[in-house]
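Sequence lines, in order, name chains A and B. Position 94 of the first sequence, counting from 1, maps to 94 under full-length UniProt numbering, and the rest follow consecutively. Position 194 of the second sequence, counting from 1, maps to 194 under full-length UniProt numbering, and the rest follow consecutively. By construction, the Cβ of each residue, glycine as well, lies at the ideal position given by its N, Cα and C atoms. Model, not experiment: these values are computed from the prediction.
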Amino acid sequence: MKIKIGAGILVFFALMAIFGPLLIGADPAATSEDGLQGPSAQHWLGTTQTGQDILVQIVYGARISLGVGVLSALIATVLAVAVGLVGGYVGGAVDEALSVLTNIFLVLPALPLIIVLAGYLPQRGVASVAVVIAVTGWAWGARVLRAQTLSVRRRDFVQAARASGEGPLRIVFYEILPVLLPVIATSFLATVVAAILAEAGLSFLGLADLSTVSWGSMLYFAQNGQALLIGAWWWFIPPGLCIALIGTGLALVNFGIDEIANPRLRTIKAPRKARA
Amino acid sequence: MRFLARRLGFYLLTAWAAITLNFLIPRLMPGDPVELLVARMKGNVDPAAIDAMRRAFGISDASLWQQYLNYLGNLAHGELGRSITFFPTEVSTVIADSLPWTVGLVGVATLISYLIGTALGVIMAWKRGTWLDGVLPAATFMHAVPYFWVALALVFVFGVTLQWFPVSRAYGLDVMPELSGEFAQSVLYHAALPAVTIVLASMADRILGMRNVMVTTLGEDYVVMAEAKGLTSRRVMWSYAARNAILPNITSFALSLGFVVGGSVLTEIVFSYPGIGSMLLKGVENEDFPLMQGIFLVISLAVLVANFLADLAYVVLDPRTRQESE
């Protein structure tokens with residue numbers, strides 16, 4: 001049940017990002033005379049100070065926010081797979097070094113590092129922002145994948161592959177990688193959400209590409225347009241809500257999987273209750 | 001104490017990595033940061049500031065290795081260069097002025113969030129299947145909410161609409177920053193909303209994490225045994241189950257610190273709180289690279305210290321880490 005709701009939310013936003021702009025057709029940057037209007041039949045989610053339609057912005061923003069999230073999660077996952085699988089399989093000094101590197105990136109606060117890196121970017125386009133976020137976001141996946149690789153490498157089919165003379169690269173990427181695909185997928189999704197959050201934070205500071213509409217840049221303009229003081233709640237609530245909903249959807253999927261793996265976590269009436 | 005020695009070794013290594021990263025960033029990123037700055041300002045830069053920047057970066061014709069050694073030498077003397085925003089103030093002075101606010105706000109809020117979140121997680125695991133499970137969807141939602149958005153919502157509701165709390169600064173304009181009851185009162189009053197933001201946004205992780213570990217622990221034989229002996233529920237819950245479930249919780253707490261600090265940086269900015277988060281934004285807005293980098297370094301080192309404190313707590317709570325040395 002949790003998995004279905006969670007997956008439903010994620011699919012909804014994915015469809016919105018892919019097809020939404022085609023359906024809605026309007027220009028998210030187009031201004032109009034109707035500035036700062038609350039939700040109405042004409043503008044379902046109201047308008048910004050310059051009369052831009054918030055709903056149109058949310059739909060187009062989904063494309064940038066999810067796009068940056070997916071792109072940077074792709075890069076981060078490739079890094080995580082390379083570091084985690086190689087370290088876990090090769091072992092020894094290589095593993096030791098890669099583990100230390102992973103742990104260092106886990107401990108260092110990501111957002112301040114992203115802010116500093118973004119500050120140095122000559123142009124802050126979607127791609128460069130995605131790369132900067134990926135550089136700081138691969139460590140968690142690498143750690144999980146390394147642990148999984150350690151257990152998989154002892155299995156019979158890996159031993160068999162080694163005995164039949166397959167090279168280490170082939171074993172890592174053709175034998176071990178396919179077995180770990182579910183783990184990689186989960187870590188990829190988690191990285192997407194983390195990257196969306198990071199992009200929102202960066203845009204909110206005005207450090208991403210502000211000429212494109214993303215949920216983060218909407219919040220930046222809402223904050224700088226004094227939306228709070230004017231009382232324009234419809235301006236800043238929707239973008240944050242979308243980010244939080246995507247995170248919730250992912251968490252529901254994860255918790256659902258946890259509950260399948262560990263039945264005790266299910267929220268059924270436990271026998272313990274009878275006594276307590 | 002082998003456990004602590006090993007952790008300390010790792011933190012020293014990480015500190016070195018952060019310091020080196022700080023040195024490499026301006027040299028590895030595309031373009032010359034000084035020229036980038038001059039270009040963005042369209043030439044309207046004080047020549048003294050350009051000169052200061054070159055010195056701050058230690059960019060010179062010397063070999064990279066020599067530049068690195070100079071940089072380490074400066075750092076050892078606490079020299080982080082001069083801020084461009086507050087020229088000619090030293091970056092270290094700017095940070096020293098703002099750091100206490102951040103440490104006070106974020107430190108206290110994180111501690112409160114950890115204690116409440118962990119306790120709630122324990123209770124929710126113990127009473128699962130009751131109305132308390134209704135908190136779960138809310139916690140799942142809060143765990144994904146951006147910190148700065150919670151801050152915006154609180155400002156809107158309690159600051160602007162209800163006007164219960166101030167929404168910016170760390171103390172009122174009408175009080176003098178001195179050791180007085182009046183000043184302390186004003187500081188607490190102004191810290192209320194930012195602190196609640198950090199607590200709300202970071203607490204859900206602790207609730208969900210602690211609940212999950214606790215539920216697993218509750219199934220262990222020693223918990224069943226404790227119940228069979230007829231110990232009170234409270235004793236079984238806190239002294240047997242929670243005491244053991246808290247260990248993984250501390251580890252995940254330590255790992256989440258970087259994230260909490262990142263969120264707090266943005267929270268400070270929403271509230272114009274005079275901590276290093278707001279300073280970081282000033283640095284960003286003014287292309288003040290020495291200030292940005294100094295702040296990154298200080299935040300990183302602070303997170304490392306906090307991690308080490310979490311390790312100390314772990315040693316106190318887990319006797320096994322102490323036995324290792326025997």
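Three-way DSSP call (helix, strand, coil) for A/R124 in this model: In the three-state reduction of the DSSP assignment, A/R124 falls in the coil class, being assigned neither a helical nor a strand state.
B/M203 vs B/G117 beta-carbon contact at 8 angstroms: Cβ atoms of B/M203 and B/G117: closer than 8 angstroms.
Any C-beta of chain B under 8 angstroms from that of A/L10: It does not; no Cβ of chain B falls within 8 angstroms.
Within-8 angstroms CB hit, B/Q66 to chain A: Closer than 8 angstroms: no.
Inter-residue Cα distance where the pair is B/W65 and B/T20: Between B/W65 and B/T20, the C-alpha separation is close to 12 angstroms.
Within-8 angstroms CB hit, B/N74 to chain A: No Cβ of chain A is located within less than 8 angstroms of the beta carbon of B/N74.
Ordered list of alpha helix (DSSP H) runs contained in the region 249-308 of chain B, each at least 4 residues: DSSP runs (the alpha helix (DSSP H)) wholly in the region 249-308 of chain B: 276-285.
Those residues which DSSP pairs with A/T212 across a bridge: Answer by DSSP bridge pairing: none, since A/T212 is not bridged.
Contact list for the region 4-23 of chain B against chain A, Cβ threshold 9 angstroms: For chain A, the residues of the region 4-23 of chain B that bring a beta carbon within less than 9 angstroms of one of its beta carbons are F10, Y11, L13, T14, A17, A18, L21, N22, in chain order.
Assigned exposure category for A/L10 - 16 Cβ within 10 Å defines buried: With 16 or more Cβ atoms within 10 Å of its Cβ, A/L10 is classed as buried.
Inter-residue Cα distance where the pair is A/V193 and A/G137: Between A/V193 and A/G137, the C-alpha separation is close to 11 angstroms.
Residues of the region 289-319 of chain B whose Cβ lies closer than 8 angstroms to any Cβ of chain A, in chain order: Answer set for the region 289-319 of chain B: F289, M292, Q293, I295, F296, I299, S300, V303, L304, N307.
Those residues which DSSP pairs with B/T14 across a bridge: BP columns for B/T14 are empty, so no partner.
As assigned by DSSP and simplified to three states, the class of A/E33: In the three-state scheme derived from DSSP, where H, G and I count as helix and E and B as strand, A/E33 is classed as coil.
8 angstroms Cβ cut-off: residues of chain A touching B/M1: The contacting residues do not exist; B/M1 stays about 20 angstroms from chain A at best.
Selected residue, minimal CA-CA separation from A/T48, among A/Y120, A/I114, A/F221: Minimum Cα distance to A/T48 is reached at A/F221.
Proximity below 8 angstroms, CB of A/L106 to CB of A/A76: No; because the gap between Cβ atoms is not below 8 angstroms, this pair is not in contact.
A/T47 (DSSP reduced to helix, strand or coil): Correct three-state label for A/T47: strand.
Amino acids of chain B, ordered along the chain, whose beta-carbon sits closer than 9 angstroms to that of A/I243: Under a criterion of Cβ atoms nearer than 9 angstroms, the residues of chain B adjacent to A/I243 are, in order, A144, V145, P146, W149.
Min CB distance A/T50 to chain B below 8 angstroms: So no, A/T50 is outside the interface.
B/E90 to B/V261 span [Cα, whole Å]: Taking the straight line from one Cα to the other gives about 24 angstroms.
Burial state of A/V83 (16 or more Cβ within 10 Å): The residue in question, A/V83, is buried, as its Cβ has 16 or more Cβ neighbours within 10 Å.
Beta-bridge partners of B/E90, as assigned by DSSP: The partner list for B/E90 (beta bridge, DSSP) reads B/R82.
Sequence-distant residues of the same chain with beta carbon closer than 7 angstroms to A/R275, five excluded per side: Unreliable placement is indicated for A/R275, whose pLDDT of 43 sits below 50; the coordinate value is still reported in the next sentence. Nothing meets the Cβ criterion.
Residue-level contact to chain B via CB, A/I58, 8 angstroms cutoff: No, its Cβ sits nowhere closer than 8 angstroms to a Cβ of chain B.
Status (buried if at least 16 other CB within 10 Å, exposed otherwise) for A/Y174: A/Y174 is exposed by the Cβ-count criterion.
Residues of the region 260-286 of chain B whose Cβ lies closer than 8 angstroms to any Cβ of chain A, in chain order: Of all residues in the region 260-286 of chain B, the ones placed with a Cβ closer than 8 angstroms to any Cβ belonging to chain A are V261, G262, G263, V265, L266, I269, V270, L280, L281, G283, V284, E285, in chain order.
DSSP bridge partner residues for A/D53 (one or two, in chain order): A/T47, per the DSSP bridge assignment.
Host alpha helix (DSSP H) of A/L101 (start-end): First-last of the alpha helix (DSSP H) with A/L101: 92-107.
Residue burial classification, A/K2 (beta-carbon count within 10 angstroms, cutoff 16): Label assigned to A/K2: buried.
Neighbour list for B/T216 in chain A, Cβ cutoff strictly below 7 angstroms: Here the neighbours are N262, R264.
8 angstroms contact criterion, which A/E33 and A/G51 should meet: CB distance rounded: With a Cβ gap of about 6 angstroms, A/E33 and A/G51 count as contacting.
Closest by C-alpha distance to A/A130, when choosing among A/T248, A/G256, A/G67: For the residues A/T248, A/G256, A/G67, the minimum Cα distance to A/A130 belongs to A/G67.
B/E35, DSSP secondary structure in three states: Helix.
Start and end residues, alpha helix (DSSP H) containing B/L132: That residue, B/L132, is in no alpha helix (DSSP H); it is neither H nor E in DSSP.
Where B/P166 meets chain A, residues with beta-carbon distance less than 7 angstroms: Those do not exist, as B/P166 stays about 13 angstroms from chain A at its closest Cβ, beyond 7 angstroms.
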